[in-house]
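Q: In our numbering, the protein residues as written are 52 to 204.
Take this structure first; my questions come after.
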């Protein structure tokens, strides 16, 4: 849907039915960048994609911004403008990727004090960009966190 141009915000939640299940209740977690803790502001932020999903309350945290826009927003692409990437709680073995509709444009796998804060230019105009944090366990790749995209016009 994303590649076809649809702007549908991602959200995460648990569907917990059994006591002894691999998925823990309350995981994954949707973190929302809302103007206030009011129900209206939280729902508005979710519907605008101002959020990201992480594996747990202590999981990877993500921030992605471009000029005055953030995750879920649409921006005008400018080749000289940099995108700001910020992530915390990055443990050993996690890979963080910045992905566009044309594929990954940057990847990080080592972090100072479990954090990454950087700015970089997007090399060419794209339709969207988002962050994903992944962890490889015995050859199986698991998603630790994923942001909503910033869209470009």
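Think of the CB as a built atom: it goes at the ideal place given N, C-alpha and C, for glycine as much as any other residue.
Only a predicted model underlies this, so the values are computations on that prediction, with no experimental measurement involved.
1. Spatial neighbours of residue 108 within its chain, please: CB distance less than 6 Å, with the 5 preceding and 5 following residues excluded, ordered by chain position.
2. Would you kindly check if the distance between the Cβ of residue 145 and the Cβ of residue 111 is under 9 Å?
3. What residue range does the alpha helix (DSSP H) around residue 143 cover?
4. Which residues does DSSP pair with residue 121 in a beta bridge?
5. Does the distance from the C-beta atom of residue 201 to that of residue 134 stay below 9 Å?
6. Alpha carbons only, please: which of 91, 127, 167, 89 is nearest the one belonging to residue 138?
7. Among the residues of its own chain, which have a CB less than 6 Å from the CB of residue 169, if the five just before and after it don't count?
A: Working from what's here:
1. 80
2. yes
3. Unbroken run through residue 143: none, as it is neither H nor E.
4. 116
5. Yes, these two residues count as a Cβ contact at 9 Å.
6. 167
7. 136
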